[in-house]
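Visitor: Here's a structure for you.
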Amino acid sequence: TFGSCILGFSMLQRYLFAIVSLSLCSVERPFNFTLKKPAWSSSSLELKPTYFYNNKGLLELVRDGKVIVFASNYRGSSLSEGVDEYGGNDINDIINMYPIIKKYKFANHKRVCVYGWSRGAMMALLVNKQVDWIKCLIIGGGIYDLKSHKVLRPNAYKMYVKDLSLKVKDLVDRSAVRWVDKLPKKVHMLILHGIDDEISPVEDVYKLGNELKKNNMMYKMIIYKNDSHSLYNNINEVAKEVKEWIDIYLL
Numbered sequence: 013t014f015g016s017c018i019l020g021f022s023m024l025q026r027y028l029f030a031i032v033s034l035s036l037c038s039v040e041r042p043f044n045f046t047l048k049k050p051a052w053s054s055s056s057l058e059l060k061p062t063y064f065y066n067n068k069g070l071l072e073l074v075r076d077g078k079v080i081v082f083a084s085n086y087r088g089s090s091l092s093e094g095v096d097e098y099g100g101n102d103i104n105d106i107i108n109m110y111p112i113i114k115k116y117k118f119a120n121h122k123r124v125c126v127y128g129w130s131r132g133a134m135m136a137l138l139v140n141k142q143v144d145w146i147k148c149l150i151i152g153g154g155i156y157d158l159k160s161h162k163v164l165r166p167n168a169y170k171m172y173v174k175d176l177s178l179k180v181k182d183l184v185d186r187s188a189v190r191w192v193d194k195l196p197k198k199v200h201m202l203i204l205h206g207i208d209d210e211i212s213p214v215e216d217v218y219k220l221g222n223e224l225k226k227n228n229m230m231y232k233m234i235i236y237k238n239d240s241h242s243l244y245n246n247i248n249e250v251a252k253e254v255k256e257w258i259d260i261y262l263l
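Below is the structure:
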């Protein structure tokens, strides 16, 4: 069915979506959309599109026939080949979605929003630094200063250094607070975070905000009180913000 969502990502790596406006150039543009949950395993080590189906803002936009949603399965994740580089060459697994998007008759490849959460927020900013086809960004619960996690997230830092064999330079290269000046100024960014985030320290997003302001970037940042990594306590408010951002800066 035209407009159906094809999703693939690892539960262990959080999510990243490419949200693409439907093209208005064809009189045959479809308005009936079907969303079906794939019968995939519920194992945390296998593909599972839970995050999309729990995302009220995106679901409503797809249901209303406004956007098509694409997602990438990073190399090294479950049911995927290759080795996880945690923001290294695996960003090409996102960049390579763009030629696929351009092949879809009803996808407007000139209107792409990248939506990333947690590690996906880091990946979204890394991609935004390299390409010129992103119209707007929505990121949340992100990690933006990996080097500082030696103190703020010692278990995560141990994973970076021991399990992923990342060097200090690798951590800096993956930390958006270190290269905000390299981001394109034309891309509008919506940044969401919970003040009680137990996975991605709120200190990261404060640093990011300071750098964005210093570099005169176009962004809106919302830090929710009494909420954690997934912002479930503010699910309706988040859905409203996501829909409004896409309505204003993508559609």
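First residue of the sequence shown: 13, per my numbering; consecutive thereafter.
For glycine and all other residues, C-beta sits at the position ideal for the given N, C-alpha and C.
Give me whichever residues DSSP pairs with LEU204 in a beta bridge.
Guide: LEU204 is bridged to GLY152 and ILE234.
Visitor: In whole angstroms, give me the CA-to-CA distance for LYS78 and VAL192.
Guide: 31 Å
Visitor: List the residues that DSSP assigns as beta-bridge partners of ILE31.
Guide: VAL81 and CYS125
Visitor: Among residues of its own chain, excluding the 5 on either side of MET230, which ones have a beta-carbon nearer than 8 Å to its beta-carbon?
Guide: Around MET230: LYS197, LYS198, VAL199, HIS200 and MET201.
Visitor: Quick one: using the 10 Å Cβ neighbour count with 16 as the cut-off for buried, is ASN67 buried or exposed?
Guide: By the neighbour-count rule (16 or more Cβ atoms within 10 Å), ASN67 is buried.
Visitor: Based on DSSP bridge pairs, tell me the residues matched to ALA136.
Guide: Answer is none; ALA136 lacks a bridge partner.
Visitor: Leaving out the 5 sequence neighbours to the left and right, which residues in its chain are closer than 7 Å to LEU164 when beta-carbon positions are compared?
Guide: PRO213 and GLU215
Visitor: Classify GLY69 as buried or exposed, calling it buried when 16 or more other Cβ atoms lie within 10 Å of its own Cβ.
Guide: buried
Visitor: Could you spell out where the alpha helix (DSSP H) holding ILE107 opens and where it closes?
Guide: Note, ILE107: alpha helix (DSSP H), 104-107.
Visitor: Quick one: grab the DSSP three-state call for PHE14.
Guide: Any answer about PHE14 is weak, because its pLDDT of 29 lies below 50 and its placement is not dependable; what the coordinates show is given next. If DSSP states are grouped into helix, strand and coil, PHE14 belongs with coil.
Visitor: Please report the distance separating the alpha-carbon of ILE150 from that of LEU220.
Guide: 14 Å
Visitor: Buried or exposed: which applies to SER130, given that a residue is buried once 16 or more other Cβ atoms fall within 10 Å of its Cβ?
Guide: buried
Visitor: The alpha helix (DSSP H) that contains LYS264, what's its start and end?
Guide: Outside the shown range of the chain (13 to 263) lies residue 264, about which nothing can therefore be said.
Visitor: Hey, ILE106 and MET135 are a contact pair by Cβ (cut 8 Å); roughly how many whole angstroms apart?
Guide: 6 Å
Visitor: Mapping DSSP to helix, strand and coil, what is ILE247?
Guide: helix
Visitor: Output the distance between the C-alpha atoms of LEU243 and VAL250, rounded to the nearest integer angstrom.
Guide: Here the alpha carbons of VAL250 and LEU243 stand approximately 8 Å from one another.
Visitor: Hey, how far is the Cα of MET233 from the Cα of ASP96?
Guide: 30 Å
Visitor: Give me the residue from ASN140, ASN227, ALA83 and ARG75 with the minimum Cα distance to LEU28.
Guide: Ranked by how close their Cα comes to the Cα of LEU28, the residues ASN140, ASN227, ALA83 and ARG75 have ALA83 in first place.
Visitor: Rounded to the nearest angstrom, what separates GLY88 and LYS226 at their Cα positions?
Guide: 36 Å
Visitor: Give the list of continuous beta strand (DSSP E) stretches no shorter than 3 residues that lie fully inside the region 143-193.
Guide: 148-152
Visitor: Excluding the five sequence neighbours on either side, which residues of its own chain have a C-beta within less than 7 Å of the C-beta of ILE247, listed in chain order?
Guide: Answer for ILE247: LYS68, listed in chain order.
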